[in-house]
Each structure stands twice: as structure tokens, then as C-alpha cells.
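Contents: one structure, followed by commentary.
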Amino acid sequence: MLRELYQTIYPHVCYGCSADLAKTECWLCSICKSNLPITHFHRYTSNPVFQLFAGRVPLIQASSYYLFIKESAVQHLLHALKYKNVSNLGVAIGEWYAEELRNDGAYNSIDTIIPIPLHKSKLQKRGYNQSEMFAKGLSKQLNKPVNNSSVVRAMATSTQTRKNRIERWGNVEFVFRVEEDDTLINKHILLVDDVITTGATLEACANQILKIQGTSISIATIAFAKI
Ligand SMILES: [Zn+2]
12 MLRELYQTIY PHVCYGCSAD LAKTECWLCS ICKSNLPITH FHRYTSNPVF
62 QLFAGRVPLI QASSYYLFIK ESAVQHLLHA LKYKNVSNLG VAIGEWYAEE
112 LRNDGAYNSI DTIIPIPLHK SKLQKRGYNQ SEMFAKGLSK QLNKPVNNSS
162 VVRAMATSTQ TRKNRIERWG NVEFVFRVEE DDTLINKHIL LVDDVITTGA
212 TLEACANQIL KIQGTSISIA TIAFAKI
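Here is the structure:
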């Protein structure tokens, strides 16, 4: 347990391949870091993430940082972020991604960043929202605020089965609730999540936000899983 705690505070083992880290390395060894499947989707308007939402929800921009590949360093990173209590890893990934986005001038018209909220029961269990950690990293480097109070997850939809069922029923509008205040009026919102699979969660949340006057939405996630 102490070893795990020490690893959380001072990661000395690569989260991608478990090799020992050099003093200059953090989170990932240089080999894993240079082999990460970075998509560069943000450089192209019509990329696979953007296309996934075509006809479902109008977006300004959409992209994912990595391709999700099973048994890869990306899967190991996401696993650590979600299940190993390594919340700061999400902040680090957000900062890495934001550096790329900033260099390419992507997402520079956004006003605020909203992480997909967890249901309060899940937040209590995990102790943090992994998407919010990612949002914090983006926020630091893009210099845009995080809003984690306007959108509430009113229904727990934790498992994939549940997600698919909700999507199949088309009964998605009750999953998220947007607080009725003026905070989001006329804002371009960057909605962020950890992984995109079917896109049903992001779609449901985006459609709720778009009911507010003058809002527009862009999407960014850590990884994109082809289905
Ligand atoms: Zn490694």
C-alpha cells in the first residue's frame, strides 16, 4: 500500500510498460511517450471524431488526443487514471494535449471547459472525476476556466451495457441536467471526456447544453476507440 501511495505521489515506474523511470522522466518512459498513438485529429475539421457526431449534434470542432488500442500504453494510462487513484495523471495528459492544441491554434475560440460529470454516487466512490482532471490540465495551458457546476449527471449510467441500452431507446435526455442560470448563455463550450466509444454520453450532454440560448459546442477527449 505504501509502495502504491509513493508511486502515486512520485511516479517512479512507467504507467505504460512498468519499466523504471529515469529521474528526468515523469508518468511515462521516453519509449512509451514517443510511441503514443497521437491522432492529430484537431488539425482536420472532418476527422473520425467529428464525423461520429455528424447528423447527431452540431459541433464546431471535435478531436481526441490518442487512439485507444487494447493492451497499449494508452489503455494502461486510462486504467491508472480511472481505477488506480492517480488523478494527477489526468491533469498531466490535459497539459500535454493542450500544448499540441495551442501550438496548432486549435480550440482558440472556446470560452469555458465542461467535463462530463459523474453521478454523485460514482464521484463519492472514486473520489474524483477523471474527466475533470483532464479538463484542469487543458485549462492550465489553454487559459480557459473549467465549469464543473452547470451540468449535473442526474442518472447513473456507469456500465457500457447501460449506455448502449440508453442509446438504443433514444432515451438520453434525462441523463444530464443543466442548471438554469445565465452562466452558459452565448458561450462556446469545450465538452471533455476520457474516452469516446459510441459518443452517446457526449451527445446527450451536448444536446442538453445546446438548449441554452446562443451556446455552441466543441468536443475533446483523451482517447478515441473505434467500434
Ligand atoms: Zn514505458
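Quick note on the working numbering: the sequence shown kicks off at 12 and runs consecutively.
Ideal Cβ positions, reconstructed from N, Cα and C, are used throughout, including at glycine.
None of these values were measured; they are calculated from a predicted model.
Backbone CA spacing between residue i and residue j [nearest angstrom]
i	j	result
S229	N140	20 Å
F52	N158	25 Å
M166	F187	7 Å
K222	L100	33 Å
A30	H23	9 Å
F185	D193	21 Å
Q135	L129	9 Å
L32	I238	33 Å
L63	I80	18 Å
Closest by C-alpha distance to residue i, when choosing among the options
i	options	result
L78	I121, L89, H130 and G101	L89
K44	P69, Y118 and A103	A103
S132	A117, R164 and A65	R164
L195	T212, S227, E214 and T209	S227
Y118	F64, T212 and L201	L201
Beta carbon of residue i nearer than 8 Å to that of residue j
i	j	result
C25	L39	yes
Q72	E106	no
I121	H199	yes
T232	S75	yes
N197	Q224	yes
Contact belief for residue i with residue j at Cβ below 8 Å, rounded distance in angstroms
i	j	result
A234	V85	6 Å
I124	L149	6 Å
V189	S161	6 Å
_Validate contact between the segment 202-210 and the segment 138-148 using beta carbons, cut 8 Å, 3 pairs_ = yes
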